[in-house]
Amino acid sequence: NVAQATSAELAGDVRAGVEFLRSRPDLNPRAIGLLGHSEGALIAPLVAARSRHVAFLVLLAGPGVIGEEILYAQGALIARAAGVPDADITVNQQRQRKLFEILRADSFGPGAEPQLRAAFSEILESLTPVQRLSAAMTLESQLQMLTTPWFRHFLTYDPRVALRHVKCPVLALNGELDLQVPFHDNLSEIRRCLHAAGHRAVTTVALPGLNHL
């Protein structure tokens with residue numbers, strides 16, 4: 037079920053694709069690389085770390101830090117770009133942390149949902165009646181997303197674990213206007229992690245004027 041699949045499970049599909057391409061007589065089995073954008077740039081190193089048959093990686097808007105860190109930074113940047121006051125951004129981050137703590141405390145089990153619903157009820161009660169009307173549907177969709185296997189995996193997955201085991205050449209490109217995967221922390225961490233593992237065939241580029249897409 038693709039709707040329930042985690043990034044780790046999708047990596048298995050990509051690895052199977054690489055093996056299929058290697059079996060084709062019309063292709064050079066030593067020249068098969070992976071290009072991934074956003075989550076795809078998280079999956080590609082995971083595949084390369086497990087397979088010596090990946091010839092190169094091109095990572096576009098790829099993450100270099102744990103998912104939870106990205107979500108905090110992402111939420112703050114998007115809110116600030118929309119003109120949300122810093123005080124409200126701080127409150128929103130505190131709410132995020134509480135929700136993520138509930139997920140981790142339950143070891144991502146089914147018992148988290150009632151606690152998440154209680155936390156969302158508290159959030160709704162803190163809003164004005166007008167805000168409450170518009171927020172109710174949004175919070176319900178967020179609840180559904182928080183309890184998916186995909187989100188639970190992304191929240192705690194650290195891409196540096198796979199990056200440390202990548203041996204093939206890597207080109208990583210991130211846009212300087214990216215609000216979803218902020219370029220500075222993620223691109224620098226991709227570079228730092230690969231170099232720390234003794235990998236030198238690495239090129240990282242911050243592209244001015246470009247956003248996540």
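In this text, residue positions in the sequence shown follow our numbering: the first is 37, and each later residue adds one.
Note that the Cβ used here is the ideal one computed from N, Cα and C, for glycine as well.
This structure is a prediction, so every number in the text was calculated from the model and none was measured.
When the options are compared against residue i, the one with the closest alpha-carbon
{"i": "residue 87", "options": "97, 48, 247", "result": "48"}
{"i": "residue 192", "options": "91, 69, 38, 99", "result": "99"}
{"i": "residue 54", "options": "90, 40, 122", "result": "90"}
{"i": "residue 202", "options": "68, 52, 93, 158", "result": "93"}
{"i": "residue 69", "options": "61, 62, 50", "result": "50"}
{"i": "residue 96", "options": "111, 129, 226, 113", "result": "226"}
{"i": "residue 162", "options": "59, 127, 106", "result": "127"}
{"i": "residue 83", "options": "174, 52, 176", "result": "52"}
{"i": "residue 129", "options": "104, 148, 67", "result": "104"}
C-alpha gap between residue i and residue j, whole angstroms
{"i": "residue 57", "j": "residue 45", "result": "19 angstroms"}
{"i": "residue 246", "j": "residue 74", "result": "14 angstroms"}
{"i": "residue 31", "j": "residue 167", "result": "What is shown of the chain runs 37 to 249, which leaves residue 31 out entirely."}
{"i": "residue 240", "j": "residue 81", "result": "15 angstroms"}
{"i": "residue 200", "j": "residue 229", "result": "6 angstroms"}
{"i": "residue 122", "j": "residue 249", "result": "26 angstroms"}
{"i": "residue 180", "j": "residue 64", "result": "44 angstroms"}
{"i": "residue 40", "j": "residue 120", "result": "33 angstroms"}
{"i": "residue 106", "j": "residue 204", "result": "26 angstroms"}
{"i": "residue 60", "j": "residue 231", "result": "34 angstroms"}
{"i": "residue 66", "j": "residue 148", "result": "46 angstroms"}
{"i": "residue 209", "j": "residue 62", "result": "30 angstroms"}
{"i": "residue 177", "j": "residue 221", "result": "29 angstroms"}
{"i": "residue 157", "j": "residue 111", "result": "20 angstroms"}
{"i": "residue 279", "j": "residue 76", "result": "Given a span of 37 to 249 for the chain in the structure shown, any question on residue 279 remains unanswerable."}
{"i": "residue 137", "j": "residue 171", "result": "22 angstroms"}
Whether residue i touches residue j by CB criterion (8 angstroms)
{"i": "residue 223", "j": "residue 242", "result": "yes"}
{"i": "residue 17", "j": "residue 244", "result": "Outside the displayed range of the chain (37 to 249) lies residue 17, so it cannot be described from this structure."}
{"i": "residue 190", "j": "residue 43", "result": "yes"}
{"i": "residue 85", "j": "residue 198", "result": "yes"}
{"i": "residue 155", "j": "residue 139", "result": "no"}
{"i": "residue 207", "j": "residue 182", "result": "no"}
{"i": "residue 264", "j": "residue 194", "result": "A query on residue 264 cannot be resolved here, the shown segment of the chain reaching from 37 to 249 and no further."}
{"i": "residue 131", "j": "residue 159", "result": "yes"}
{"i": "residue 113", "j": "residue 218", "result": "yes"}
{"i": "residue 125", "j": "residue 141", "result": "no"}
Residue burial classification, residue i (beta-carbon count within 10 angstroms, cutoff 16)
{"i": "residue 72", "result": "buried"}
{"i": "residue 165", "result": "exposed"}
{"i": "residue 234", "result": "exposed"}
{"i": "residue 196", "result": "buried"}
{"i": "residue 38", "result": "exposed"}
{"i": "residue 117", "result": "exposed"}
{"i": "residue 169", "result": "exposed"}
Any C-beta of chain B under 8 angstroms from that of residue i
{"i": "residue 61", "result": "Any reference to chain B falls outside this structure, which holds one protein chain only."}
Point to revise | Minimum length 3: unbroken beta strand (DSSP E) runs contained in the segment 66-105 | key: With a minimum length of 3 residues, the continuous beta strand (DSSP E) runs that stay inside the segment 66-105 are 70-73, 93-96.
Check your understanding: What are the start and end residues of each continuous alpha helix (DSSP H) run of 4 or more residues lying completely inside the segment 192-218, in chain order?
Key -> The segment 192-218 contains these whole alpha helix (DSSP H) runs: 196-199.
Review point. Which residue spans inside the segment 116-157 form an unbroken alpha helix (DSSP H) run of at least 4?
Key: 122-141, all fully within the segment 116-157.
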